[in-house]
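Read the structure below first, then the notes.
There are 2 protein chains.
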Amino acid sequence: MKIYGDMISGNCLKVKYTADLLGIPYEWVEADVLKGDSRTPDYLAKNPQGQVPMIELDDGRTLAQSNAIIRYLARGSRLLPDDAFAAAKVDEWLFWEQYSHEPYIAVCRFHHKYLGKPFNELDGWRVERGNAALDLMEDALEGKDWLTDSGFTLADIALLAYTQFAHEGGFSLEGRANVKAWVDRCHAEIGIS
Amino acid sequence: MKIYGDMISGNCLKVKYTADLLGIPYEWVEADVLKGDSRTPDYLAKNPQGQVPMIELDDGRTLAQSNAIIRYLARGSRLLPDDAFAAAKVDEWLFWEQYSHEPYIAVCRFHHKYLGKPFNELDGWRVERGNAALDLMEDALEGKDWLTDSGFTLADIALLAYTQFAHEGGFSLEGRANVKAWVDRCHAEIGIS
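For the record, the sequence lines run as chains Z and F.
So the numbering used here is basically just the index in the first sequence, starting at one, shifted up by 5.
So the numbering used here is basically just the index in the second sequence, starting at one, shifted up by 5.
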C-alpha cells in the first residue's frame, strides 16, 4: 500500500498513526500540497477530489478522505469497536471532526502558519467556532480518558490530528486541562514524545 | 426509535429517507432549528453538539451526525455494501459531502432561503466551492447511474439531501445533465414524485 500524504497535514498524520499502530506496512509518498502535488493530472486521475491523504492498494484501487481511510484500515482492530452502536459513536466524532473542528482549527493553522496571515487577521467566525469545538471536547472529556466509552479509538486519532497543533492556529489549551491531558495520553498511546 | 429532525434540513431528510427505505419504524420529533429547539438544555443534555438530526433508541441511547446515523441504521442492508472496500468508497462520499459539499450548497441555501440574504450577497467563496462540488459530481456520474459501483447506496442518499435543493441556494443543475438525471433516479428510488 502507498499513502500519499503531506507531513504538515493532520489529516495525513491520522493515516500514518493508524497504519503505524496496527503494523500495516506502507510506502509514504510525500505530496506537497503547497506545491500543488495533489492537483497534477496524474494525481487527479487517481483522486478527482484533489486532496491528501489518499491510499493506493497494491492492486491499484484508491481511497481518499482521511476518516474513510482510517476506518477502512482499522476494520476489525482494537481501534474500531465491533459493536455497531459503539462504532457509530466513533463515527459521530469522525463526522463532527470534519464539519465542526477541522474547518476552524486546521484552517486557522493553515492560514497563519503556511499562508502567513497574522493571528489578528484570521477569520473571526473561524476563531469563534474553533474555540467552541475545543470547549465541547473539554466538556466531553470531563472524567474520561478517551472521547468514547470504547477506550482509545479512531475518534481520538481523528481529533488529535489537529488539536495537537491548535496553538499553531492561535488557539490555546490553557484552561482546557482535560484536552491537554488527553493530548498527552494520545501521544503516549501513539508513541510520540 | 425517535428521530429528532427539522424537515427543512437535508441532513435530517437523509435519516428519514434511510429509515423509510429500510422499513425501520420511528417517531419523528420535529425540532425547529430556527426557533432554537436544538439548543435547549434538554436537547443539549442528549446531544451536546446541539445539532439535528439525532436519534434516540428505545433504551435512551442517542446518536448524532446525519451520516453516522444513516450508516448505523443501514448496517447489513442493501444501502451499505458488505465488502469492506466497497463500504469505504461509500464512506469516501459521506465524508466528502460533509466537508466539500454541505458547507457550500446547504449553507448558501440556508443564508438565502431562511436568513433572507439575496443571491448576489452570498459568500463568493462558498458559491465557487459549491459549483466545484456540483462539477465534481457531474464528472463522477459520467456514464454511471450511481455515485459508487455498488448500486444505490447511502452515498447517493447523503449527496441527494442538499443537491436536490441546490437551486434554493442559487446553484443550477442546467448544464449538469448527469447530476440532474441522477437526482431523478434517486427520487424514483426513494419514491419522491
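The beta-carbon is built from N, C-alpha and C at its ideal position, and this holds for glycine as well.
Look at the beta carbons and you see the segment 66-86 of chain F touching the segment 97-104 of chain F: at least three pairs across the two are nearer than 8 Å. For the options Z:K94, Z:D154, Z:Q169, the alpha carbon positioned closest to that of Z:I13 is the one of Z:Q169. Rounded to the nearest whole angstrom, the C-alpha separation of F:A36 and Z:A182 is 34 Å. Linking F:G28 to Z:K118 through their CA atoms gives a straight-line distance of about 50 Å. Bounds of the alpha helix (DSSP H) holding F:V132 are 129-145. Legend: CB atoms of the segment 100-125 of chain Z lying less than 8 Å from CB atoms of chain F belong to residues F100, W101, Q103, Y104, S105, E107, P108. Chain-ordered listing is empty here: chain Z has no CB closer than 9 Å to the CB of F:N183, the nearest sitting near 14 Å. Rounded to the nearest whole angstrom, the CA to CA distance from Z:P46 to F:K94 is 21 Å. Under the three-state reduction of DSSP output, Z:T67 falls in the strand class. For F:N136, no CB of chain Z lies under 8 Å from its own CB, so it is not counted at the interface with that chain. Straight across, the Cα-Cα distance linking F:A138 with Z:P53 is about 11 Å. The beta carbons of F:H106 and F:Y167 sit closer together than 8 Å. Closest by C-alpha distance to F:L165, out of F:G148, F:D189, F:D154, is F:D189. Under a criterion of Cβ atoms nearer than 8 Å, the residues of chain F adjacent to Z:P53 are, in order, L141, D144, A145. Residue contact with chain Z for F:A171: absent (no Cβ-Cβ distance below 8 Å to any residue of chain Z). Z:P108 and Z:M59 have their alpha carbons spaced roughly 19 Å apart.
Within chain F, no C-beta atom comes less than 8 Å from the C-beta of Z:L164; the nearest is roughly 13 Å away.
Put simply, the backbone Cα of Z:P86 is about 42 Å away from that of F:L127. Listed along chain F are F90, A93, K94, E97, each with a C-beta nearer than 8 Å to that of Z:L68.
Burial check for F:G15: the Cβ neighbour count within 10 Å reaches 16 or more, so the residue is buried. Interface flag for Z:R83 against chain F is unset, since no Cβ pair is found closer than 8 Å.
Interface annotation, F:A24: not in contact with chain Z, CB-CB separation never under 8 Å. In this structure, the CA atom of F:E173 is about 14 Å from the CA atom of F:E179. According to DSSP, F:K7 shares a beta bridge with F:E32, F:E61. Excluding its 5 nearest sequence neighbours in each direction, Z:S198 has C-beta neighbours in its own chain below 8 Å: H192, listed in chain order. A residue is called buried when at least 16 other Cβ atoms come within 10 angstroms of its Cβ; Z:G135 meets this threshold and is buried. The shortest CA-to-CA distance from Z:V132 to any of Z:V57, Z:L39, Z:F176, Z:Y77 is the one to Z:F176.
Against chain Z, the CB of F:Y77 has a partner CB under 8 Å away; the residue lies at that interface. Judged by beta-carbon spacing, F:W33 lies beyond the 8 Å limit of F:G65, meaning their Cβ atoms are not closer than that value. The C-beta of Z:A73 comes closer than 8 Å to at least one C-beta of chain F.
The beta carbons of F:Y31 and F:K51 sit no closer together than 8 Å.
Interface criterion not met: the Cβ of Z:R44 is under 8 Å from no Cβ in chain F. Of the other Cβ atoms in all chains shown, 16 or more fall within 10 Å of the Cβ of F:R114; this residue is therefore buried.
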